[in-house]
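Shown next, in C-alpha cells, is the structure this report addresses.
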Amino acid sequence: MPRPDSFNARARGTSHIDFKTAITGVTTKAMRNEISRLVATVDDPATKKVPLTYHSTTSRSHRCQAFDTEMQSFFYLFTRYLAEHVKSQDLDWDRIKSPAEDQIVPYADLPKPKDHSNLNKLAVLKVNGGLGTSMGMTGAKSALEVKDDMTFLDLTVRQIEHLNTTNRVDVPLILMTSFNTHEDTLRIIKKYANQQLRITTFNQSRYPRIFKESLLPCPKRADDDKKSWYPPGHGDLYNALLHSGVLDQLLAEGKEYLFVSNSDNLGA
Numbered sequence: 011m012p013r014p015d016s017f018n019a020r021a022r023g024t025s026h027i028d029f030k031t032a033i034t035g036v037t038t039k040a041m042r043n044e045i046s047r048l049v050a051t052v053d054d055p056a057t058k059k060v061p062l063t064y065h066s067t068t069s070r071s072h073r074c075q076a077f078d079t080e081m082q083s084f085f086y087l088f089t090r091y092l093a094e095h096v097k098s099q100d101l102d103w104d105r106i107k108s109p110a111e112d113q114i115v116p117y118a119d120l121p122k123p124k125d126h127s128n129l130n131k132l133a134v135l136k137v138n139g140g141l142g143t144s145m146g147m148t149g150a151k152s153a154l155e156v157k158d159d160m161t162f163l164d165l166t167v168r169q170i171e172h173l174n175t176t177n178r179v180d181v182p183l184i185l186m187t188s189f190n191t192h193e194d195t196l197r198i199i200k201k202y203a204n205q206q207l208r209i210t211t212f213n214q215s216r217y218p219r220i221f222k223e224s225l226l227p228c229p230k231r232a233d234d235d236k237k238s239w240y241p242p243g244h245g246d247l248y249n250a251l252l253h254s255g256v257l258d259q260l261l262a263e264g265k266e267y268l269f270v271s272n273s274d275n276l277g278a
C-alpha cells in the first residue's frame with residue numbers, strides 16, 4: 011500500500027499542474043482575443059506602417075492579411091512559451107559543450123574548389139535589424155565606422171563584390187532589416203548602386219511586446235508607437251523569408267544555399 015503522505019504529495023503535484031494548465035488556457039484565450047482586436051485596427055485608412063514586411067503600396071486588404079499572418083506567427087510563439095512554462099523544465103547546462111578539436115576542420119585544410127560555378131547557387135544574408143545603441147549610435151549598427159572610414163556594411167559589400175569579380179559569379183547580398191533600421195538601410199545602400207553586386211532588402215516581422223503581469227500585448231492598435239513592438243530577429247528568419255517573397259525570388263534565381271550571419275560579424 012502506498013503511504014498516505016506520498017499519495018497526498020502526488021495529488022498536490024497533479025493539482026498544481028492542472029492549475030497552471032487552466033491558467034494557461036485562460037491566458038491563451040485572452041491573447042487570441044487581443045490579437046484579433048489588433049488585426050481589426052488595420053482597417054483604418056490611416057494605417058500606413060502595416061505590415062512592415064510588405065511595400066507601402068500594397069492594398070489595405072493585403073496589408074490586413076499580411077499583418078494577420080504576422081500576428082498568428084506571434085501567437086504560435088506565445089503559446090509555445092506558455093506550454094514550456096507549464097513544464098518548468100530547467101536547461102541542463104552540463105549537456106552544452108564546445109565542439110571537440112577533432113570536430114572542427116580548419117579553413118586552411120579545406121580542399122580548394124576547382125569549379126567556382128557552384129557559387130552561383132549561393133546568396134549571403136546579413137541580419138541587419140539591430141540598432142547600435144550600445145555603441146553610442148541611434149541608427150543601424152551596420153552603419154558604424156570600424157576601419158579606414160569604412161562601415162560594417164561597406165566592408166561586407168567589398169567582400170562580396172570581390173567574391174563576384176574574382177570568380178565571375180553572381181552572389182547577391184540580402185539584408186534582413188527591422189522596423190528600427192529599414193528606412194535607414196534603404197537610404198544607405200543607395201551609395202552602392204554602381205558596385206558589382208545586387209542588394210535586396212526585406213523586413214522581418216514586427217511582434218507586440220507584452221506586459222509582464224498580464225501577459226497581454228502592449229500596443230492597442232496596429233499603428234501604435236515603435237516602443238510597443240519588437241523585432242524577433244534570428245528566430246524570425248525563415249518566417250520572414252517566406253512571407254516577404256524573398257524565398258520565392260531566390261528559388262526562381264536557382265539559389266540553393268544561404269549563408270547567414272550578423273551584419274557586424276566581419277569574420278563570417
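Note that the numbering used here has the sequence shown beginning at 11, numbered continuously upward. Cβ coordinates follow ideal geometry from the N, Cα and C atoms, glycine included. Being a predicted model, the structure only gives us computed values, none of them experimental.
Handout entry: Option in Leu-276, Glu-111, Phe-269 and Gln-206 with minimal Cα separation from Ile-184
Key = Nearest to Ile-184 by alpha-carbon distance, out of Leu-276, Glu-111, Phe-269 and Gln-206, is Phe-269.
Practice task
Assign Val-115 to one of three DSSP states: helix, strand, or coil.
Solution key: Of the three classes helix, strand and coil, the one that applies to Val-115 here is coil, per DSSP.
Exercise for the section: Would you mind working out which of Phe-212, Gln-206 and Asn-204 sits nearest His-192, comparing C-alpha positions? Expected result: Answer by Cα proximity: Phe-212.
Handout entry: Own chain residues within Cβ distance below 6 Å of Leu-173, not counting five before or after
Key = Cβ within range, chain order: Val-181.
Exercise for the section: Please confirm if the region 75-82 is in contact with the region 91-108, defined as three or more CB-CB distances below 8 Å between the two stretches. Expected result: As far as the Cβ criterion goes, the region 75-82 does not touch the region 91-108, which means the pair count is below three.
Problem - Length of the line joining the Cα atoms of Asp-235 and Pro-227 - result: The straight-line gap separating the alpha-carbon atoms of Asp-235 and Pro-227 is approximately 13 Å.
Problem - Three-pair Cβ contact test at 8 Å for the region 258-274 versus the region 132-139 - result: The count of Cβ pairs closer than 8 Å, one atom from the region 258-274 and one from the region 132-139, reaches three, so the stretches are in contact.
Exercise for the section: For my contact list, Tyr-240 and Arg-219 are in at a C-beta cut-off of 8 Å; report their separation, rounded to the angstrom. Expected result: Indeed they touch by this definition, with Cβ atoms about 5 Å apart.
Handout entry: Whole-Å CB distance - Thr-187 paired with Thr-195, under 8 Å assumed
Key = Confirmed, Cβ separation roughly 5 Å.
Exercise for the section: Please determine, among Thr-34, Met-81 and Ala-153, the residue with the shortest C-alpha to C-alpha distance to Val-52. Expected result: Of the listed residues, the one whose Cα sits closest to Val-52 is Met-81.
Problem - Best match in Glu-155, Gln-205 and Leu-251 for proximity to Ser-215 [C-alpha to C-alpha] - result: When C-alpha distances from Ser-215 are compared across Glu-155, Gln-205 and Leu-251, the shortest belongs to Leu-251.
Handout entry: Own chain, CB closer than 8 Å to Lys-157, minus 5 neighbours either side, in chain order
Key = Excluding positions up to five away in sequence, the list reads Leu-165.
Exercise for the section: Confirm, please, whether the CB-CB distance from Leu-141 to Ala-153 is below 8 Å. Expected result: Result no, Cβ atoms of Ala-153 and Leu-141 do not sit closer than 8 Å.
Exercise for the section: State yes or no: is the C-beta of Leu-132 within less than 8 Å of the C-beta of Glu-171? Expected result: Not closer than 8 Å, so no.
Exercise for the section: Please list the segments of the beta strand (DSSP E) lying wholly inside the region 177-256, counting only runs of 3 or more residues, in order along the chain. Expected result: Whole beta strand (DSSP E) segments, 3+ residues: 183-187 and 209-213.
Exercise for the section: Note down, in chain order, each residue of its chain lying with its Cβ closer than 7 Å to the Cβ of Ser-238, except the 5 sequence neighbours on either side. Expected result: These residues qualify, in order along the chain: Pro-218, Arg-219, Cys-228 and Pro-229.
Exercise for the section: Give me whichever residues DSSP pairs with Asn-272 in a beta bridge. Expected result: In the DSSP output, where bridge partners are listed per residue, Asn-272 has Val-137.
Practice task
With DSSP as the reference, label Glu-155 as helix, strand or coil.
Solution key: In this structure, Glu-155 counts as strand in the three-state DSSP scheme.
Exercise for the section: Apply the 10 Å Cβ neighbour rule to Lys-151 and answer buried if 16 or more other Cβ atoms are within range, or exposed otherwise. Expected result: With 16 or more Cβ atoms within 10 Å of its Cβ, Lys-151 is classed as buried.
Problem - Inter-residue Cα distance where the pair is Val-96 and Ser-83 - result: Their backbone Cα atoms lie some 20 Å apart in a straight line.
Practice task
Give me the Cα-Cα distance between Asp-125 and Asn-177, rounded to the nearest whole angstrom.
Solution key: Here the alpha carbons of Asn-177 and Asp-125 stand approximately 9 Å from one another.
Problem - Phe-85 beta carbon less than 8 Å from that of Ile-33 - result: No.
Handout entry: Identity of the residue in Thr-37, Val-49 and Gly-255 nearest Arg-231 by Cα
Key = Distance from the Cα of Arg-231 is smallest, within the candidate group Thr-37, Val-49 and Gly-255, for Val-49.
Problem - Whole-number beta carbon distance between Leu-129 and Asp-179, since they are thought to touch under 8 Å - result: In the sequence under discussion, the amino acid at residue 179 is Val, which differs from the Asp named in the question. Their Cβ separation, rounded to whole angstroms, is 4 Å, which keeps Val-179 and Leu-129 in contact under 8 Å.
Handout entry: Separation of Gly-277 from Ile-198, as counted between CA atoms
Key = Rounded to the nearest angstrom, the two C-alpha atoms are 22 Å apart.
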